[in-house]
């Protein structure tokens with residue numbers, strides 16, 4: 001194992017060396033870095049040209065410039081030498097630029113990737129289980145559509161409809177009868193397709209979902225929910241208990257009473273905790289929130305041990321999961337409650353079209369959180385579309401392949417329930433290849449970020465790259481590249497290791 | 001990066017296709033034809049793929065016959081470079097909703113409207129479609145040739161050849177596609193669209209090369225290859241006659257996907273100002289020039305966008321159909 | 001286009017002088033007794049970099065625009081782009097013509113925001129830093145001396161002696177060694193940096209003494225600090241070395257997102273109206289939607305064909321104003337020996353079929369309904385003396401299209417079907433459209449127009465004469481001295497290689513002329529000659545646009561590269 005990692009690292013090092021040389025050379029020949037100065041009207045144009053020539057070492061041949069750059073980067077590897085990624089054309093330190101940029105991009109990309117994986121994998125599995133259903137066709141079509149959309153083109157539409165017009169709507173939230181019925185029908189179609197079954201069952205599901213949606217919307221409008229959104233203790237309780245039941249069904253099936261009781265207990269603890277910890281939740285900080293989330297684990301395990309009877313491990317797992325989801329519900333409730341206050345701070349324009357936050361925004365934890373979320377929403381969505389499609393299609397394919405394997409047939413033949421077959425035998429094995437996809441997808445996401453940052457005014461690594469490239473300025477481009485290439489190499493390695501770990505058939509050598 | 005990277009294992013294992021057209025082995029010839037026919041039949045019965053193919057052919061015909069290509073004139077009388085007085089704010093005259101306003105279906109003088117200087121936007125969109133298609137197909141062709149060459153050489157000869165070629169692909173794999181595409185097109189996009197397609201093709205072949213190599217690695221251990229080798233077939237002959245035909249499925253499917261990705265890549269590059277350079281145009285150029293027109297002159301924003309989506313979407317469906325056709329395993333209804 | 005603008009704007013910030021009459025009213029300015037606790041957000045495309053906007057590197061709009069109310073000086077750009085004296089900061093007047101002598105007086109109450117008075121040493125530093133006379137003794141790769149203080153422009157300062165004043169004095173006199181027509185444009189906003197900070201940080205005890213004693217070592221130390229210390233790390237302001245001499249001071253900088261200005265408590269004049277100004281760095285294409293969504297309150301980007309329509313479509317929640325910019329589009333003939341346009345008759349034929357009115361109507365009017373053909377290279381259509389100057393130089397002689405006339409010239413010369421390569425920097429959709437219009441019009445006259453737009457136009461094509469006609473913009477300033485290198489024989493910006501002894505002579509007279517009326521007289525003569533020779537054809541002034549929320553107050557369009565920020569101290573928001 002260690003030998004494998006070391007060998008891989010050595011090979012990777014040389015690959016990175018080759019890649020940096022290639023990119024440096026390509027950027028250096030991509031254009032003339034003095035271009036903007038040629039049309040300069042000022043009398044000391046020559047001085048400016050001289051200054052830039054000196055700073056960018058333009059009097060040296062490209063290989064020598066590359067070595068100069070490489071020597072600076074080498075210091076980053078040797079401790080105590082001080083990192084030197086050079087300066088850009090106007091003399092700003094690339095290391096500092098990169099530090100700023102990486103934070104912004106990481107936030108953007110991380111959220112997009114996580115959301116894309118969760119939704120993509122879920123949808124992929126459902127559409128595999130409902131192969132050749134309306135739902136499957138819809139998802140297939142949607143995935144291909146997302147593959148086919150120019151990102152910035154979508155961004156323009158997102159800004160217009162999900163930000164500007166949605167904010168306008170929020171100023172006076174009303175839903176006319178036609179859109180209301182349309183939403184009801186849509187919800188009905190979706191749920192009946194997801195749940196499936198024979199004709200009568202589908203019709204029932206359709207009717208119920210349709211009615212529930214319309215009634216829910218009417219209720220929300222009646223209580224002015226869109227102006228004062230929140231879940232409230234009542235809904236938190238209902239959802240938490242529902243979550244407990246749902247998690248139990250997925251983990252073990254409802255007939256395992258011990259598991260059910262542990263989950264319900266975990267939900268109960270969460271519900272009570274929101275009142276007990278009201279003071280803490282008034283204006284917490286991220287460490288506090290993470291601590292609370294972490295404390296769910298021992299509590300969940302404890303509950304599993306107490307209520308679990310014969311299924312202690314499963315009960316513990318279900319309880320931890322329920323606890324975390326209940327915590328999320330409580331968190332969502334608090335955050336939603338802060339929306340109204342936030343909305344007044346930003347003149348009712350909740351969803352932002354530009355930037356990573358409202359400049360100089362101060363407020364409590366929840367308002368700052370909402371500020372971040374509303375600025376992340378559109379760019380995340382834009383980056384996510386393609387990734388989501390990739391994960392959905394890939395998961396569907398692997399899931400179908402796994403479902404046709406002999407061991408799944410054997411499991412069915414043994415008389416195991418469909419839930420057990422899917423959750424225990426198929427699902428896990430289908431997830432293994434997805435780990436590789438994560439590494440491959442990363443490069444695509446970074447590419448998407450280049451465009452998305454541009455459109456949504458995020459000053460991230462993509463901006464650093466494009467600005468550098470436009471001025472034929474290799475240093476910022478190289479700063480960007482070293483960071484992304486290194487992450488790609490490391491991600492690939494981690495994916496391979498994870499793959500080998502998950503799939504015992506693979507041996508590392 | 002290593003050559004044992006799992007997950008790159010070929011997911012497409014074409015059935016037992018025999019050597020094609022080898023005279024002494026008649027039975028195999030028959031099998032091969034049947035297999036080709038099976039693929040064709042499966043493809044023709046794939047509704048999504050057929051729909052996609054119909055749309056794509058329609059778009060290609062429309063783009064190339066309407067305004068003509070090269071010396072050949074088209075049936076649409078207007079030139080995409082010709083300015084004219086802007087009529088009625090350049091509104092589109094195509095009437096797609098004959099029942100709403102009651103004046104019937106009409107094409108009119110400028111069905112897609114006019115741009116700032118009164119150029120016919122239909123002619124411009126058709127020109128853009130031609131250019132985008134040409135770029136995409138050049139990219140597909142170049143990446144297929146390079147990918148096949150690299151994949152074949154490293155998959156068959158192994159050893160030092162494989163080591164060197166695979167390290168080169170690894171170098172390319174560390175560079176996000178849009179990044180390297182942006183860098184090369186900044187340098188070469190001014191040289192015209194064929195050159196642009198060429199340099200883009202030279203950077204997108206990597207995944208294909210790896211897939212071809214993967215196929216070769218598993219195929220070269222198969223019995224029929226050993227048999228051919230035992231019969232004294234030369235290296236090139238084995239590659240051309242026995243190995244390459246068996247990778248066709250993988251290659252065609254992936255080239256299809258590369259072509260659809262190339263359409264979007266060109267669009268993204270044009271948005272960044274690095275793609276096709278004016279005065280030439282492309283769908284990407286049109287859509288990025290008029291990205292702010294969505295609320296003011298929506299026809300300038302929507303038409304090129306819709307054509308991009310139509311092309312990319314139809315190619316994706318065709319790719320899906322081809323995958324199913326070459327690899328029946330995936331379409332098998334679950335037991 | 002943006003490159004030209006940025007570069008040109010950069011150089012003009014320090015250089016621009018202006019001949020136009022100076023009306024002093026600050027349109028719509030309402031005296032505000034006190035500072036309102038409000039925040040106004042303004043969208044600007046480029047991100048701030050440095051507190052010293054004078055060095056060769058940092059002399060760009062991206063620094064100069066945000067700093068306008070942070071580093072004030074003896075003058076600023078008025079709404080029509082003219083030089084306006086900043087009487088709150090100080091006063092200056094010409095006291096003698098021969099030798100040219102100008103007396104400057106700082107406001108008695110003027111202090112840096114750290115409490116240090118603004119006085120003699122700041123002026124001496126400003127002069128020393130911008131005169132280009134102190135050399136490091138090192139040479140760059142091309143053999144030029146490297147100056148101690150990096151400066152974007154030494155014009156004017158290099159012709160003046162050291163400001164005469166003693167440490168702590170509030171007045172100083174500047175004596176020129178030779179007449180300088182644009183004397184009003186020295187020591188403007190942004191040109192004077194805090195000398196006491198340089199002294200403290202660089203370890204030079206006394207700048208005035210160092211200049212007086214010609215202490216090269218000390219000046220070198222001062223120069224090092226001056227050139228580098230105020231180039232900030234991105235997102236990191238250094239308040240301790242960056243005091244303000246204006247209504248606002250730099251308060252916060254969020255990398256890649258925004259720069260925040262807060263009212264300067266030490267400001268001695270009329271307090272600013274809004275307590276906080278936030279400059280958000282937003283790409284031009286994205287600004288309209290941000291304004292519509294209430295994330296910004298004001299913007300003045302480079303308009304494109306869609307922008308005005310887009311903004312007008314937003315409705316009552318915003319106000320839109322259109323105007324002109326101090327930048328004009330023009331076509332330059334290549335007059336080198338191997339060029340067909342060496343022949344004046346062919347230049348005339350081309351001018352006859354050049355659809356200038358159509359270009360203005362189709363491409364500029366949708367953005368600025370008041371746009372018209374511009375016939376002067378020095379005076380812009382929106383300036384008060386434009387009509388007078390334009391009528392005197394050429395009238396409307398070349399305004400009308402005369403395709404037939406062009407055709408007959410071409411035919412008589414036997415040049416029908418001659419190829420004309422029009423070169424410009426791409427991508428630039430507007431210029432591409434211009435070539436389309438020219439192709440249709442001049443095509444009928446018998447020219448074969450080739451669109452030779454290229455990405456390397458500035459890098460290569462323009463420089464090396466790879467064009468028949470070059471199409472680009474000069475950032476304007478009717479700088480009487482600024483256009484010298486554009487029209488004189490072998491001038492650095494004379495890309496068409498135009499040469500005329502008459503014009504050379506007139507321009508050298510103009511550069512030394514101190515009387516405004518006589519300057520105008522000379523300009524008319526220069527331009528008459530340029531039109532007679534058909535060396536370059538001006539087409540139009542760039543359109544500009546300003547959009548604010550409808551309750552915005554005192555947002556006044558400014559034609560110069562100063563942009564909207566010029567009177568940000570007056571901005572306000574009416575209660576809705």
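Chains as they are written, first to last, in our numbering: chain A, 1 to 509; chain B, 1 to 335; chain C, 1 to 576. From the three backbone atoms N, C-alpha and C, an ideal C-beta is built for every residue, glycine too. Computed from a predicted structure; not experimentally measured.
**Beta-carbon neighbours of residue 491 of chain A, restricted to chain B and to distances below 8 Å** = By one-based count along the first chain, residue 491 of chain A stands at place 491. Ordered by position in chain B, no residue passes the 8 Å Cβ test against residue 491 of chain A, which lies about 11 Å from the chain.
**Asked** Can you list the residues of chain A that residue 458 of chain C reaches, using a CB-CB cut of under 9 Å?
**Response** Locating residue 458 of chain C in the third chain gives position 458, counting from the first residue. Residues of chain A passing the Cβ test: 32, 35, 36, 37, 38, 39.
**Asked** Do we get a CB-CB distance below 9 Å when we pair residue 470 of chain A with the residues of chain B?
**Response** If you number the first chain from 1, residue 470 of chain A lands on position 470. So yes, residue 470 of chain A belongs to the interface.
**Message:** Less than 9 Å between CB atoms is the rule here; does residue 294 of chain C satisfy it with respect to chain A?
**Reply:** In the third chain, residue 294 of chain C corresponds to position 294, counting from 1. By this cut-off, residue 294 of chain C is an interface position.
**Message:** Using only the alpha-carbon positions, how far apart do residue 39 of chain B and residue 307 of chain A sit?
**Reply:** Numbered from its first residue, the second chain carries residue 39 of chain B at position 39. Numbered from its first residue, the first chain carries residue 307 of chain A at position 307. Roughly 57 Å separates the two Cα atoms.
**Request:** Assign residue 187 of chain C to one of three DSSP states: helix, strand, or coil.
**Result:** As a first step, residue 187 of chain C must be located in the third chain, where it is residue number 187. Three-state result, residue 187 of chain C: coil.
**chain C contact residues for residue 117 of chain B, given Cβ-Cβ distances below 8 Å** = Here residue 117 of chain B corresponds to residue number 117 of the second chain, with the count starting at 1. Correct list: 362, 363, 433, 436, 437.
**Asked** the segment 145-165 of chain A: which residues have C-beta closer than 8 Å to a C-beta of chain B, in chain order?
**Response** 145, 147, 148, 149, 150, 151, 152, 153, 156, 157, 160
**Asked** Straight-line CA distance for residue 495 of chain A to residue 328 of chain C?
**Response** As a working mapping, residue 495 of chain A is identified with position 495 in the first chain. As a working mapping, residue 328 of chain C is identified with position 328 in the third chain. Spanning the two alpha carbons is a distance of roughly 57 Å.
**Request:** Say whether chain A places a C-beta atom closer than 9 Å to the C-beta of residue 284 of chain B.
**Result:** Residue numbering aside, residue 284 of chain B sits at position 284 when the second chain is read from its first letter. With 9 Å as the cut-off, residue 284 of chain B counts as an interface residue toward chain A.
**Asked** How many Å lie between residue 292 of chain B and residue 361 of chain C at the Cα?
**Response** Against the second chain, residue 292 of chain B aligns to sequence position 292. Against the third chain, residue 361 of chain C aligns to sequence position 361. Straight-line Cα distance between these residues: approximately 21 Å.
**Request:** Measure the alpha-carbon distance for residue 102 of chain A versus residue 460 of chain A and round it to whole angstroms.
**Result:** Walking along the first chain from the start, residue 102 of chain A turns up at place 102. Walking along the first chain from the start, residue 460 of chain A turns up at place 460. Looking at the two C-alpha atoms, the distance is approximately 6 Å.
**Request:** For residue 495 of chain C, count neighbouring C-beta atoms within 10 Å of its own C-beta (all shown protein chains included) and say buried if the count is 16 or more, exposed if not.
**Result:** Against the third chain, residue 495 of chain C aligns to sequence position 495. By the 10 Å Cβ count, residue 495 of chain C comes out buried.
**Message:** Output needed for residue 18 of chain A: all residues of its chain with C-beta closer than 6 Å, excluding positions within five of it in sequence on either side, in chain order.
**Reply:** Taking the first residue of the first chain as 1, we reach residue 18 of chain A at position 18. Excluding residues within five positions, none has a Cβ falling inside 6 Å.
**Message:** Which residue wins for smallest C-alpha separation from residue 136 of chain C, given the options C:219, C:83, C:197, C:226?
**Reply:** Start at 1 with the first residue of the third chain, and residue 136 of chain C comes out as number 136. The shortest Cα separation from residue 136 of chain C among C:219, C:83, C:197, C:226 belongs to C:219.
**Prompt:** Ordered along the chain, which non-local residues of its own chain (more than five positions away) have a Cβ less than 8 Å from that of residue 285 of chain A?
**Reply:** Within the first chain, numbered from 1, the residue matching residue 285 of chain A stands at position 285. Around residue 285 of chain A: 365.
**Asked** Do we get a CB-CB distance below 9 Å when we pair residue 288 of chain A with the residues of chain B?
**Response** Taking the first chain and counting its residues from 1, one reaches residue 288 of chain A at position 288. Cβ-Cβ to chain B under 9 Å: no for residue 288 of chain A.
**Item:** Residues of the segment 84-108 of chain A whose Cβ lies closer than 8 Å to any Cβ of chain C, in chain order
**Value:** 90, 91, 92, 93, 96, 97, 100, 101, 104
**Prompt:** Starting from residue 115 of chain A and walking both ways along the alpha helix (DSSP H), at which residues does that stretch end?
**Reply:** Position 115 of the first chain holds residue 115 of chain A. Residues 94-129.
**Within the segment 49-104 of chain B, ranges of the alpha helix (DSSP H) (whole runs, at least 4 residues)** = 98-101
**Prompt:** With a cut-off of 9 Å, does the C-beta of residue 338 of chain B fall near any C-beta of chain A?
**Reply:** Coverage of chain B is limited to positions 1 through 335, which leaves residue 338 of chain B absent and any answer about it impossible.
**Message:** What would DSSP say about residue 543 of chain C, mapped onto helix, strand or coil?
**Reply:** Here residue 543 of chain C is taken as the residue at index 543 of the third chain, counted from 1. Residue state, collapsed to three classes: strand.
**Message:** If the cut-off is 9 Å on Cβ atoms, which residues from the segment 349-369 of chain A count as contacting chain C, listed in chain order?
**Reply:** 349, 351, 352, 353, 354, 355, 356, 357, 358, 359, 360
**Request:** Give me whichever residues DSSP pairs with residue 85 of chain C in a beta bridge.
**Result:** Position 85 of the third chain, counted from the first residue, corresponds to residue 85 of chain C. According to DSSP, residue 85 of chain C bridges with C:75.
**Beta-carbon proximity check, residue 350 of chain C vs residue 406 of chain C, cutoff 9 Å** = Against the third chain, residue 350 of chain C aligns to sequence position 350. Against the third chain, residue 406 of chain C aligns to sequence position 406. It is a contact, given that the beta carbons lie within the stated cut-off.
**Message:** Please tell me whether residue 320 of chain B has its Cβ less than 9 Å away from any Cβ of chain A.
**Reply:** Taking the second chain and counting its residues from 1, the one referred to as residue 320 of chain B is at position 320. So yes, residue 320 of chain B belongs to the interface.
**Request:** Reducing DSSP to helix, strand and coil, say where residue 406 of chain A ends up.
**Result:** For the purposes of this step, residue 406 of chain A is taken as residue 406 along the first chain, with counting starting at 1. It is helical.
**Request:** Less than 8 Å between the CB atoms is what I'm expecting for residue 468 of chain A and residue 100 of chain A, so what's the real figure, rounded?
**Result:** As a first step, residue 468 of chain A is located in the first chain; it is residue number 468 there, counting from the start. As a first step, residue 100 of chain A is located in the first chain; it is residue number 100 there, counting from the start. That belief does not hold up - the Cβ atoms of residue 468 of chain A and residue 100 of chain A are roughly 14 Å apart, past 8 Å.
**Request:** Decide if the segment 544-557 of chain C is in contact with the segment 61-77 of chain C; the criterion is three or more beta carbon pairs, one per stretch, under 8 Å apart.
**Result:** no
**Limits of the unbroken beta strand (DSSP E) element including residue 472 of chain C** = Within the third chain, the letter at position 472 stands for residue 472 of chain C. Unbroken beta strand (DSSP E) run through residue 472 of chain C: 469-475.
**Request:** Output yes if chain B places a C-beta closer than 9 Å to the C-beta of residue 465 of chain A; else output no.
**Result:** Sequence index remark: in the first chain, residue 465 of chain A carries index 465 (1-based). It does: the Cβ of residue 465 of chain A has a partner Cβ on chain B nearer than 9 Å.
**Message:** Mapping the DSSP letters down to three states, classify residue 157 of chain B as helix, strand or coil.
**Reply:** The residue you call residue 157 of chain B lines up with position 157 of the second chain. It is helical.
**Asked** Of all the residues that make up the segment 245-278 of chain C, which are near chain B by a beta-carbon distance shorter than 7 Å?
**Response** none
**Message:** Can you give me the C-alpha to C-alpha distance between residue 537 of chain C and residue 94 of chain B, rounded to a whole angstrom?
**Reply:** For this step, residue 537 of chain C is matched to residue 537 along the third chain. For this step, residue 94 of chain B is matched to residue 94 along the second chain. The straight-line gap from Cα to Cα measures roughly 40 Å.
**Item:** Cβ-based contacts, 7 Å cut-off: residues of the segment 268-280 of chain B near chain A
**Value:** 268, 271, 272
**Prompt:** So the alpha helix (DSSP H) residue 349 of chain A belongs to, where does it begin and stop?
**Reply:** Locating residue 349 of chain A in the first chain gives position 349, counting from the first residue. Unbroken run through residue 349 of chain A: none, as it is neither H nor E.
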